[in-house]
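Visitor: Got a structure for you, questions after.
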Amino acid sequence: MTTLRIWRAGAEEAGVLQRLERVAFGARSWGAKGVAESFDAPGAEVLFAGTNATEPDGFAIWRMLPGEAEMLAIGVAPASRGAGVGRALLEEAMGRASRSGAAAMLLEVDAGNAPALGLYASTGFKQVGLRKSYYRDGADAQILRRSL
Numbered sequence: 057m058t059t060l061r062i063w064r065a066g067a068e069e070a071g072v073l074q075r076l077e078r079v080a081f082g083a084r085s086w087g088a089k090g091v092a093e094s095f096d097a098p099g100a101e102v103l104f105a106g107t108n109a110t111e112p113d114g115f116a117i118w119r120m121l122p123g124e125a126e127m128l129a130i131g132v133a134p135a136s137r138g139a140g141v142g143r144a145l146l147e148e149a150m151g152r153a154s155r156s157g158a159a160a161m162l163l164e165v166d167a168g169n170a171p172a173l174g175l176y177a178s179t180g181f182k183q184v185g186l187r188k189s190y191y192r193d194g195a196d197a198q199i200l201r202r203s204l
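Add 56 to the 1-based position in the sequence shown for the numbering used here, that's all there is to it.
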């Protein structure tokens, strides 16, 4: 069995994150500029997960806010979905946020993304709001929260 490893990505890995984010999100990709800004956002941390240190299978971008954390994005390459990569990244980010003093984590997720909604529900997230037509394609986003 191959071991999944999670590590903090540095700005020098922006190209890796850009490729993985584009593959994971397709038409909803943030684009090169948006992805690169992930490394500069105050309180933000980019995590990679994979069995290969040069080409990760997934990523998470989260940030600390006063008293809470916000999950900005979790993406997993299509070939690695369903293997626990997203769950491992989410759990790692929640642990880091808790150790940094966050009392809760918030996130927004496509209201039609059943796999993501299942992951978040199974890890204790509850819906606390709805953003109508949040995404460029008009899809709604559920606002989820979980105490840490």
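A virtual CB, placed ideally from N, CA and C, is assigned to each residue, including glycine.
Which residues mark the beginning and the end of the beta strand (DSSP E) in which residue 81 is found?
Guide: First-last for residue 81: 70-81, but that is the alpha helix (DSSP H), not the beta strand (DSSP E).
Visitor: Find out if the Cβ-Cβ distance for the pair residue 158, residue 131 is shorter than 8 Å.
Guide: No, the Cβ-Cβ distance between residue 158 and residue 131 is not below 8 Å.
Visitor: When the Cα of residue 96 is compared with those of 70, 108, 112, 107, which residue comes out closest?
Guide: For the residues 70, 108, 112, 107, the minimum Cα distance to residue 96 belongs to 70.
Visitor: Mind checking residue 184: buried by the 16 CB within 10 Å criterion, or exposed?
Guide: Its Cβ having fewer than 16 others within 10 Å, residue 184 is exposed.
Visitor: Quick one, which of 202, 196, 112, 59 has its alpha-carbon nearest residue 73's?
Guide: For the residues 202, 196, 112, 59, the minimum Cα distance to residue 73 belongs to 112.
Visitor: Does the Cβ-Cβ distance between residue 118 and residue 93 come in under 8 Å?
Guide: Result no, Cβ atoms of residue 118 and residue 93 do not sit closer than 8 Å.
Visitor: Taking just the CA atoms, how far does residue 166 sit from residue 187?
Guide: Roughly 10 Å separates the two Cα atoms.
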